[in-house]
Each structure stands twice: as structure tokens, then as C-alpha cells.
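Student:
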Amino acid sequence: MERWWQLLLGLWTVMPVWAGDELLNVCMKTKHHKREPGPEDKLYEECIPWAEKACCTASTSWHAHLDVSLLYNFSLLHCGLMMPGCEEHFIQAVCFYECSPNLGPWIQKVGSSGQGERIRDAPLCREDCEQWWEDCRTSYTCRSDWLGSWDWSRGEWCWKKPRPLCWEIVCASQAVLNSGRGTGAAFTSHL
């Protein structure tokens, strides 16, 4: 049975290559994404890894780093101070979402939410998820799923373990794999 899992995982990791440009080198159809990926020499901090072929503009990358981002009319500090290491992971996730031209296999169309498209189940390395949780375990939030409804009245820690944080925080936009870094099966937070 384990050999089948390895075979399926291997096929899953090469499928985007078989599909060619239909799944790679594309930008999502959303409010802040460019129509097609291209160079951006003035991307800000955590968004710099995508400078050679970015789906985001310099302005979008700047706004991704603000405590109160105009991208989503949202504050990372919505329930109090967030530890800097924790905040960095969320900024990396925003840069990944806004700037990566290689999200094609995980792009899904959405209804009338005004967003157009979103990603779902993009693979995240287990080690990166565990580090994200470790860096955020003393920070607070008002909701485990940030795309869901909000309770602004209190702050509490919603995730007792790493996997729920990485899975629930942005409505299953990332799927945590048991595969480690360097296997080619998942993205790392530092692309």
C-alpha cells in the first residue's frame, strides 16, 4: 500500500510539468494580481523571491507588509500584538499568494465573492508548518478561519497543533504534506 502512495505522490508532483504553461507561469484573476507574470525589480522584503517573474506589483508587495493592509482591508494585529516571527510567516503567505506565478494547479474559480479565483490545497512542507506554529503559538487571533465570520470581542489561541493552523487559517488554501523539504512534493515558505 505504501508503494501506491509513493507512486501517486510522484505523479502528483510531475503533473504540473506535463500540463506546461497552462498551470505554470500564470497569474490568478483577482483584484491585485497582474494579468501575466513578469519582472518586478522593486518588490519589498518577503516578496523579493518572486522578483524575476512576479504576479504582484511593487505596490502590492509593499501593502503586504503593512500592519493594516489595504489589500484586504485587514489588520494582522486584529486581536492584539502579533509576535514578529509570527507576522513574518503571514506576510510570506500573502507574498506567496499575491506574487507566485506557479499556483496554477491549485487555482479554483470562486463565485460572486468579488475575488474571481483563489488557491486551495497548495502543498506546504511539514517543517514549515511546524515552524509557523512554533513562531505563532503565543500570538492571538479572533477566528481560526480568517475567511470566515469574526468575533472581534476577544482574542484566543485557536490552534493547539501545527496542522490546523496551516490548514484552517486561510480556508484550506494550503495542505500540509508529510513530505519534507527537498522532496519536490511541497512548497517551502522561502521559495
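In mature numbering (1 follows the signal peptide of the UniProt record, and there is no 0), the protein residues as written are -19 to -1, 1 to 172.
Glycine included, C-beta positions come from ideal geometry on N, C-alpha and C.
By DSSP, does residue 173 sit in helix, in strand, or in coil?
Tutor: Here the chain comprises residues numbered -19 to 172, so residue 173 is not present and cannot be evaluated.
Student: Give a yes or no on whether the C-beta atoms belonging to S40 and L24 are separated by under 7 Å.
Tutor: Stepping through the sequence shown from its first residue, residue 40 is reached at position 59. Stepping through the sequence shown from its first residue, residue 24 is reached at position 43. Not a contact, by the Cβ cut-off of 7 Å.
Student: So, using beta-carbon positions, are C80 and W114 closer together than 7 Å?
Tutor: Start at 1 with the first residue of the sequence shown, and residue 80 comes out as number 99. Start at 1 with the first residue of the sequence shown, and residue 114 comes out as number 133. Cβ distance not < 7 Å, so C80 and W114 don't count as in contact.
Student: Along the chain, where does the beta strand (DSSP E) containing I88 start, and where does it finish?
Tutor: Here residue 88 is taken as the residue at index 107 of the sequence shown, counted from 1. Taken as a continuous stretch (DSSP letters only), the beta strand (DSSP E) holding I88 covers 88 to 90.
Student: When you compare the region 67 to 75 with the region 102 to 119, are there three or more beta-carbon pairs, one atom per stretch, that lie closer than 8 Å?
Tutor: yes
Student: How many whole angstroms separate the CB atoms of G19 and A35, which I take to be in contact at a CB cut-off of 8 Å?
Tutor: Walking along the sequence shown from the start, residue 19 turns up at place 38. Walking along the sequence shown from the start, residue 35 turns up at place 54. With 8 Å as the limit, G19 and A35 qualify as a contact, their Cβ atoms being about 7 Å apart.
Student: Let's test the definition: count the other Cβ atoms within 10 Å of the Cβ of E33 and tell me whether it reaches 16, buried, or not, exposed.
Tutor: Start at 1 with the first residue of the sequence shown, and residue 33 comes out as number 52. Flag for E33 reads exposed.
Student: Using the Cα positions of T11 and C67, report the straight-line distance between them to the nearest angstrom.
Tutor: By one-based count along the sequence shown, residue 11 stands at place 30. By one-based count along the sequence shown, residue 67 stands at place 86. So the two alpha carbons sit approximately 26 Å from each other.
Student: Does DSSP put S120 in a helix, a strand or coil?
Tutor: Taking the first residue of the sequence shown as position 1, residue 120 is located at position 139. Residue state, collapsed to three classes: coil.
Student: Give me whichever residues DSSP pairs with S56 in a beta bridge.
Tutor: The residue labelled residue 56 in the question sits at position 75 within the sequence shown. According to DSSP, S56 bridges with V49.
Student: Report yes if the CB atom of G85 is closer than 7 Å to the CB atom of L5, and no otherwise.
Tutor: By 1-based counting over the sequence shown, the position of residue 85 is 104. By 1-based counting over the sequence shown, the position of residue 5 is 24. Yes, the Cβ-Cβ distance between G85 and L5 is below 7 Å.
Student: Quick one: using the 10 Å Cβ neighbour count with 16 as the cut-off for buried, is D109 buried or exposed?
Tutor: Numbered from its first residue, the sequence shown carries residue 109 at position 128. Buried, by the Cβ-count rule.
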